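Heads up, the thing below is written out as C-alpha cells.
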Amino acid sequence: MPLTPDPESQPPQTVPASEGMSRRQKALLGIGTVLFLGVLLVFAVRHVIAEVNFGEVIAYLEALPLSKVIKAIGLTALAFWLLTLYDLSALIYLKKKVPYRTTAFAAACGYAISNNVGWAVISGAGVRLRAYGTAGLSPGDVAKVVVFSTTTFTLGLTFTGAVGMIVGPHPVSVLLKIPELAVQATGALMLLGLLAICVITAVTHKPVKLWRWSIQLPSWGGVVSQITIASAELVVTAAILWMLLPVDVQVPFVSFVALFCAALIVAIFSHVPGGLGVFESIILLGMADHDAASSILGALLAYRFIYYVLPLAVAGLSIAIWEIRHHTGRFGRAADRLRGRGE
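Under my numbering, the very last position in the sequence shown is 570; numbers go up by exactly one each time.
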C-alpha cells in the first residue's frame with residue numbers, strides 16, 4: 228500500500244542519548260527473546276528427535292514414489308505462479324504498468340531467495356530493484372511493492388491459519404498442549420480481526436496518518452483479493468508437504484494446514500534463514516502422536532529440497548541468464564552507436 232510522507236508532519240527531532248540506549252536495549256531484548264525461544268524449542272523437540280531413526284529416514288526418501296515427486300514439483304510451480312500474483316496485485320494497486328514477464332521474473336526469483344535466506348523484506352528486494360528498475364520503477368516504488376506483498380502474505384496466513392484452527396484444531400492443540408476449544412476460540416478471534424480490517428477499509432477512504440507517513444488503504448475488495456491470493460498460495464504450498472507424508476499418517480488436510488501455518492509463523496519469528504530446523508521441529512511436535520517421526524522427517528527433507536532448494540537453483544540460473552542478456556544488449560547497443568559514429 229502506498230506510503231507517502233505527511234506534509235503536515237514536523238521534521239524529526241534529535242533523539243536523546245537515553246532514548247538511543249532504550250532502542251539498543253529493545254534490540255537486545257528482541258535478540259534475547261529469540262534465543263530463549265530457540266532454547267525452549269530445542270528442549271521441546273529433543274524427545275521427538277530421539278525417536279528418529281536416520282536409517283529409516285533415508286529408506287523413506289529412497290522409497291518415495293517418483294509420481295509423488297513429480298506432483299510435488301508441479302504444485303511448487305503452481306505455488307510460485309501464485310506468488311507472482313502478490314507482486315502483480317501490488318503493481319495494479321499502485322497503478323504501475325510492468326510487463327508480466329518482468330513481474331513474474333522479479334517475484335519468483337525474489338521469493339525463491341527470500342524463502343531460503345529469510346528477512347523477505349530485504350533479501351527479496353535486490354532482484355526486484357534490478358528487474359523493476361529496468362521497467363522504470365523507482366526504489367521507492369519497489370519498496371511499496373515489497374510492503375504490499377508482505378501485507379498480502381500476512382493477511383492470507385492469518386485467514387488460512389484461522390480457518391484451519393477452527394475446522395481442524397487437533398494438531399495445534401497437540402503442539403501447544405492446550406484444549407482444542409481454546410485453539411478454535413483463537414482462530415475465531417483471528418477471523419474477527421480480519422473482518423475488522425475489511426470493515427475499516429470499507430468505511431475509510433482517506434489516507435491514514437502513521438507517524439510521518441500517509442498510508443492509502445486499499446478498498447475492502449482489494450483486501451479480500453489479497454486474502455484470496457495468499458490463502459490459495461498457502462493451501463497449495465501446504466499440499467506439497469501433505470502429499471509427501473507417509474500413507475500411514477492420516478491427517479485431515481484442513482488440520483494439517485493449521486499446523487503448517489503455525490510452523491511458518493514460528494519459523495518467521497525465529498529469524499533463522501529459511502526457518503531451517505525450526506519449521507521441521509514444529510511439524511514434528513504437532514504430529515508427535517502419530518509415532519512416525521522418521522517417515523515424517525523424510526517427507527520434510529523432500530519438501531525442503533523440492534520447495535526451497537530446487538526453486539533457488541532455478542532462480543540462480545534465471546538471474547544469471549537475465550544478467551548476461553541484459554549486459555549483452557547494452558554492449559550491442561554501445562557497439563552500434565560506435566559504428567554509427569565511424570560512418
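Ideal Cβ positions, reconstructed from N, Cα and C, are used throughout, including at glycine. Keep in mind it's a predicted model, so treat the numbers as computed, not measured.
Using CA coordinates, which residue listed in I340, V410, E407 is at the minimum distance from G543?
Cα-wise, what sits closest to G543 is I340.
Using beta-carbon positions only, say whether F375 and A317 come within less than 8 angstroms of one another.
Yes. Within cutoff.
Please report the distance separating the alpha-carbon of N280 from that of Y287.
Their backbone Cα atoms lie some 11 angstroms apart in a straight line.
Selected residue, minimal CA-CA separation from D518, among P473, H498, I533
Of the residues P473, H498, I533, the one whose Cα lies closest to the Cα of D518 is P473.
Which word fits Q477, buried or exposed, when buried means at least 16 other C-beta atoms lie within 10 angstroms of its C-beta?
Its Cβ having fewer than 16 others within 10 Å, Q477 is exposed.
How is V462 classed by DSSP in three states: helix, strand or coil?
In the structure shown, V462 sits in a helix (DSSP, three-state: H, G or I).
Assumed close pair L384, L461 - CB separation to whole angstroms, cut-off 8 angstroms
Contact holds; Cβ gap of about 6 angstroms.
The region 311-328 touching the region 476-493, judged by at least three CB pairs closer than 8 angstroms:
Too few Cβ pairs lie closer than 8 angstroms, so no.
What's the C-alpha gap between P445 and A429?
Near 9 angstroms, if we compare the C-alpha coordinates of A429 and P445.
Outcome for A334 when other beta-carbon atoms lying within 10 angstroms are tallied against a minimum of 16
With 16 or more other Cβ atoms from the protein chains shown falling within 10 Å of its own Cβ, A334 counts as buried.
Between the Cα of K295 and those of H554, P500, A466, F487, spot the shortest distance and give me the residue it belongs to.
Comparing Cα positions, the closest option is A466.
Judging by CA-CA distance, which residue of L419, A515, V493, M514 is the nearest neighbour of F506?
With respect to the C-alpha of F506, the residue from L419, A515, V493, M514 having the closest C-alpha is V493.
What whole-angstrom Cβ distance do G345 and V499 have, given they're in contact under 8 angstroms?
That belief holds up - the Cβ atoms of G345 and V499 are roughly 7 angstroms apart, short of 8 angstroms.
Can you list, in chain order, the residues of its chain with a C-beta nearer than 7 angstroms to that of M392? Leave out the 5 residues immediately preceding and following it.
Cβ neighbours of M392 within its own chain (closer than 7 angstroms, five residues either side excluded): V399, V410, Q411, T413, G414, A485.
Enumerate in chain order the residues of its own chain whose CB-to-CB distance from T361 is below 6 angstroms, with the five nearest sequence positions on each side excluded.
Nothing listed; no residue qualifies.
Please state the DSSP three-state secondary structure of V430.
Shown here, V430 sits in a helix according to DSSP, grouped into three states.
Reducing DSSP to helix, strand and coil, say where V505 ends up.
Reduced to three states, the DSSP call for V505 is helix.
Within the continuous alpha helix (DSSP H) that includes P479, where are the two ends?
Where P479 is concerned, there is no enclosing alpha helix (DSSP H), because DSSP gives it neither an H nor an E.
For I405, does the three-state DSSP call read helix, strand or coil?
Coil.
Reduced DSSP secondary structure (H/G/I, E/B, other) of K225:
Within the shown structure, residues of the chain are numbered from 228 to 570, placing residue 225 beyond reach of any answer.
Per DSSP, what kind of secondary structure is T555 in: helix, strand or coil?
In the three-state reduction of the DSSP assignment, T555 falls in the helix class.
Taking the CB atoms as reference points, tell me whether F332 and S508 lie closer together than 8 angstroms.
Between F332 and S508, the gap from beta carbon to beta carbon reaches 8 angstroms or more.
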